[in-house]
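Q: Residue numbers (my numbering), protein chains in the order written: chain U, 6 to 395; chain W, 2 to 134. Don't be surprised by glycine CBs; every beta carbon is placed ideally from N, CA and C. The model shown is predicted, which means the values in this text are computed figures rather than measured ones.
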Amino acid sequence: MRSVSIIGTGCTVFGEHWNKSFRQLIAEAGIEAIQNAGVEGKDIEALYGGNMASGRFIGQEHVGALIADQLGLNPIPATRVEDACASGGVALRSGYMAIKSGEYDVVAVGGIEKMTDVGTDQAAIALGGAGDQETELFHGASFPALYALMARAHMNKFGTTEEQLAAVSVKNHKNAMLNPKAQFHREITVADVMKSSYIASPLKLLDCSPITDGAAAVILCETEKAKEICEQPIEIIASGQASDTLALPGRKNLYETMAARVAAKAAFEKAKLTPKDIDFAEVHDCFTIAEILAIEAIGFCEKGKGGPFTEQGKTALDGEIPVNVSGGLKGKGHPVGATGVAQAVEACIQLQGKAEKRQVKDAKIGLAHNVGGSGATATVHLFKAAEGRK
Amino acid sequence: MNGALPLIWRKFGERYDLDGNFCETCGTAFFPARPVCPSCRRRGKLVPKKMPKTGKIVSFTEVFTGPAGFEHETPYFIAIVELDNKARLLTQIVDSEKERVKIGAKVGKVFRKISDIDPEGPIAYGYKFKVVC
Ligand SMILES: [Zn+2]
Numbered sequence: 006m007r008s009v010s011i012i013g014t015g016c017t018v019f020g021e022h023w024n025k026s027f028r029q030l031i032a033e034a035g036i037e038a039i040q041n042a043g044v045e046g047k048d049i050e051a052l053y054g055g056n057m058a059s060g061r062f063i064g065q066e067h068v069g070a071l072i073a074d075q076l077g078l079n080p081i082p083a084t085r086v087e088d089a090c091a092s093g094g095v096a097l098r099s100g101y102m103a104i105k106s107g108e109y110d111v112v113a114v115g116g117i118e119k120m121t122d123v124g125t126d127q128a129a130i131a132l133g134g135a136g137d138q139e140t141e142l143f144h145g146a147s148f149p150a151l152y153a154l155m156a157r158a159h160m161n162k163f164g165t166t167e168e169q170l171a172a173v174s175v176k177n178h179k180n181a182m183l184n185p186k187a188q189f190h191r192e193i194t195v196a197d198v199m200k201s202s203y204i205a206s207p208l209k210l211l212d213c214s215p216i217t218d219g220a221a222a223v224i225l226c227e228t229e230k231a232k233e234i235c236e237q238p239i240e241i242i243a244s245g246q247a248s249d250t251l252a253l254p255g256r257k258n259l260y261e262t263m264a265a266r267v268a269a270k271a272a273f274e275k276a277k278l279t280p281k282d283i284d285f286a287e288v289h290d291c292f293t294i295a296e297i298l299a300i301e302a303i304g305f306c307e308k309g310k311g312g313p314f315t316e317q318g319k320t321a322l323d324g325e326i327p328v329n330v331s332g333g334l335k336g337k338g339h340p341v342g343a344t345g346v347a348q349a350v351e352a353c354i355q356l357q358g359k360a361e362k363r364q365v366k367d368a369k370i371g372l373a374h375n376v377g378g379s380g381a382t383a384t385v386h387l388f389k390a391a392e393g394r395k
Numbered sequence: 002m003n004g005a006l007p008l009i010w011r012k013f014g015e016r017y018d019l020d021g022n023f024c025e026t027c028g029t030a031f032f033p034a035r036p037v038c039p040s041c042r043r044r045g046k047l048v049p050k051k052m053p054k055t056g057k058i059v060s061f062t063e064v065f066t067g068p069a070g071f072e073h074e075t076p077y078f079i080a081i082v083e084l085d086n087k088a089r090l091l092t093q094i095v096d097s098e099k100e101r102v103k104i105g106a107k108v109g110k111v112f113r114k115i116s117d118i119d120p121e122g123p124i125a126y127g128y129k130f131k132v133v134c
């Protein structure tokens, strides 16, 4: 069976890039990844670009071709992949499957969002498109409101507290201090989160990930070939994806994310591993409650216990299972279409032992969990260091 | 998008009268109406059904920063309501004392203006709910 490995990574600094355009950002990440991979443009056979809402953010569609154009990769097939905030994770999976199928040996995967060319009102409208226009947004349900409904249900069912939610944010800001590419380098306390203003109760400003510009890219290669050309290839040992109803009311429960649970289960089964085998995870903490839901769906802790598990430091950098050592979406930033690819970049850096101050000790197997909307799309990927060229 | 006249017109039955449907094979009610029953698929027999006008709050949030078209309404309550036939919908909770908006509270349907995003366009009306006891 063919296997797929990452042989090169690139990622821009995440933040408000007022002096850089969509094109400049993806070119920066893409060129870095190609050079880092030690391949040439002519070796790349296809491209998948994750992007959620360039039409809303910069008035530009057709960005698959645009990315290939900017990277000088024409005439290879170039495809935009859109699944809201999971666009990056699904782009990665698309590239993975393209190699797995035997169609290609070397594929580029990018993820990009340029969000600050519009005001926050317009950005909120663009992000709102991840929910259901007709039955959620129509009634005034902002994106934070959807996660707030899940947070309240989780609190009601399991006794999760607002302080436990805050602990996610505090941890991720602390981790971001150690990541030079993170948007925020500012430690916060539980008290800071608790006194920040409500956006949609029980979620407060410091429970929410920011608006971010950024791009990330990886070069994928068939593993046998990767071993010949790369010193430290990172094998994608499994890829899971699942879907759920677009709107929240259609779901069986509001206090769990079924698609993420199914995607994780599929990935673990394919890799013949369990959550206990994972050394670190990058999960989709677009809101603090989302990280609690993620670690429960993946199975790092019992269902309903994500709050205390986090509060007890078990997901800290030196904890039982370090979660979001990059700073996560909250601390590193969340350029929506780039996020899923940036998670894979962090997994590679960790598994190659190059994460410096935020390095997870003895990291052998990593996991990335990327979610679209309020949970209607989820991807879970598992990564492992492969034997490289001597 | 929500201010578009054809969309508003198409949605009259759903938004004014809670028109949904019901799978006679498995006994599940759907709102909005579904084109196919996800449990029974081709074996499902879907028939039109008006939803009951009462239910209870399953979860809620008070929105302080509203999306475009709702900036002047804040703060307001959004809830997931489970209707008496188990179908669920997302709605605003209005005309209710703050302390009474909680999980499990009984709510009933009212008819209200939802938004008028486009000053030149039509006004969208539809259901909201209020706490009834
Ligand atoms: Zn049925």
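Pull the bridge partners of W:Ile81 from the DSSP assignment, please.
A: W:Ser60, W:Leu91
Q: If we count the other Cβ atoms within 10 Å of its Cβ and call it buried at 16 or more, is U:Asn258 buried or exposed?
A: exposed
Q: Take U:Leu451 as the anchor and find which of U:Leu322, U:Pro327, U:Ala347, U:Ile326 has the nearest alpha-carbon.
A: Summary: the structure shown does not reach residue 451 of chain U, with chain U confined to residues 6 through 395, and so no result is reported for it.
Q: Restricting to runs no shorter than 4 residues, where is the alpha helix (DSSP H) found entirely within the region 32-99 of chain U?
A: Listed in chain order, they are 59-63, 68-75.
Q: Give the secondary structure of U:Cys353 by DSSP, where H, G and I count as helix, E and B as strand, and everything else as coil.
A: Under the three-state reduction of DSSP output, U:Cys353 falls in the helix class.
Q: Considering only the alpha carbon of each residue, which of U:Cys235, U:Glu392, U:Gly393, U:His386 lies closest to U:Arg98?
A: U:His386
Q: Could you check how far apart the C-beta atoms of U:Asp284 and U:Gly371 are, in whole angstroms? I think they sit under 8 Å.
A: 6 Å
Q: Excluding five sequence neighbours on each side, which residues of the same chain lie with their C-beta closer than 6 Å to the C-beta of W:Asp117?
A: Cβ within range, chain order: Ile124.
Q: Just the C-alpha distance for U:Gln29 and U:Ala135, rounded to the nearest angstrom, thanks.
A: Counting only the Cα atoms, U:Ala135 lies some 26 Å from U:Gln29.
Q: How far does the alpha helix (DSSP H) with U:Asn161 in it reach, from first residue to last?
A: 148-163
Q: Measure the CB-CB distance between U:Gly338 and U:Phe19 and report whether it falls below 8 Å.
A: Cβ atoms of U:Gly338 and U:Phe19: closer than 8 Å.
Q: Got a sec: does ligand 1 put a non-hydrogen atom nearer than 7 Å to the Cβ of W:Thr26?
A: Relative to ligand 1, W:Thr26 has its C-beta within less than 7 Å of a heavy atom.
Q: Along the chain, where does the beta strand (DSSP E) that runs through U:Val223 open and close?
A: 219-227
Q: Just list the residues that DSSP pairs W:Arg113 with in beta bridges.
A: W:Arg113 is bridged by DSSP to W:Gly127.
Q: U:Val175 and U:Ile193: beta carbons closer than 8 Å?
A: yes
Q: Could I get the ranges of all uninterrupted alpha helix (DSSP H) runs contained in the region 324-391 of chain U, with 4 residues as the minimum, in chain order?
A: 333-337, 341-356
Q: Just to confirm before moving on: does the CB-CB distance between W:Lys57 and W:Lys129 stay below 8 Å?
A: With respect to the 8 Å criterion, W:Lys57 and W:Lys129 are not classified as neighbours on the basis of their beta carbons.
Q: The beta strand (DSSP E) with U:Glu167 in it runs from where to where?
A: Run containing U:Glu167: none in the beta strand (DSSP E); it sits in the alpha helix (DSSP H), 167-181.
Q: Kindly indicate if chain U contains any beta-carbon less than 8 Å away from that of W:Val108.
A: no
Q: Measuring only between beta-carbons, confirm whether W:Glu74 sits less than 8 Å from chain U.
A: yes
Q: Below 8 Å, how does it come out for the region 364-384 of chain U and the region 208-219 of chain U: are there three or more Cβ pairs, yes or no?
A: no
Q: Does the CB of U:Ile81 have a neighbour CB from chain W at under 8 Å?
A: no
Q: Drop a sphere of 10 angstroms on the beta-carbon of U:Ser202, count the other beta-carbons inside from all chains shown, and report buried for 16 or more, exposed for fewer.
A: Residue environment for U:Ser202: exposed (fewer than 16 other C-beta atoms within 10 angstroms of its C-beta).
Q: Taking U:Ile117 as the reference, which of U:Asp367, U:Val95, U:Glu361, U:Leu298 has the closest Cα?
A: U:Val95
Q: Given 7 Å as the limit, tell me if U:Thr250 has its C-beta closer than that to any heavy atom belonging to ligand 1.
A: no
Q: Using the C-alpha atoms, what's the distance from U:Thr320 back to U:Val328?
A: Cα to Cα, U:Val328 sits roughly 5 Å from U:Thr320.
Q: Note down, in chain order, every chain U residue with its Cβ under 8 Å from the Cβ of W:Arg89.
A: Pro254, Gly255
Q: How about U:Cys16: is its Cβ closer than 7 Å to a heavy atom in ligand 1?
A: No, the Cβ of U:Cys16 stays beyond 7 Å of every heavy atom of ligand 1.
Q: For a quick check, are the C-beta atoms of U:Gly318 and U:Ile297 less than 8 Å apart?
A: no
Q: Can the beta-carbon of W:Ala80 be found less than 8 Å from the beta-carbon of W:Phe61?
A: Between W:Ala80 and W:Phe61, the C-beta gap is smaller than 8 Å, which places the two residues in contact.
Q: Which two residues bound the contiguous alpha helix (DSSP H) that contains U:Thr125?
A: Start and end: 125-133.
Q: Suppose the cutoff is 8 Å on Cβ atoms and the five residues either side in sequence are ignored; what does the same chain contact list for U:His178 look like?
A: Same-chain partners within the cutoff: Phe189, Arg191, Glu192, Ile193, Gly332, Lys335, Gly336.
Q: Taking 7 Å as the cut-off, is the beta-carbon of U:Gly255 closer than that to any non-hydrogen atom of ligand 1?
A: no
Q: Locate the alpha helix (DSSP H) running through U:Ala265, then write down its first and last residues.
A: 263-276
Q: Distance cutoff 8 Å, beta carbons only. Does U:Asp126 sit that close to anything in chain W?
A: yes
Q: Could you name the residues of the region 141-161 of chain U whose beta carbon sits closer than 7 Å to any beta carbon of chain W, in the order they occur along the chain?
A: Glu141, Leu142, Phe143, His144, Gly145, Ala146, Ser147, Ala150, Ala153, Leu154, Arg157, Ala158, Asn161
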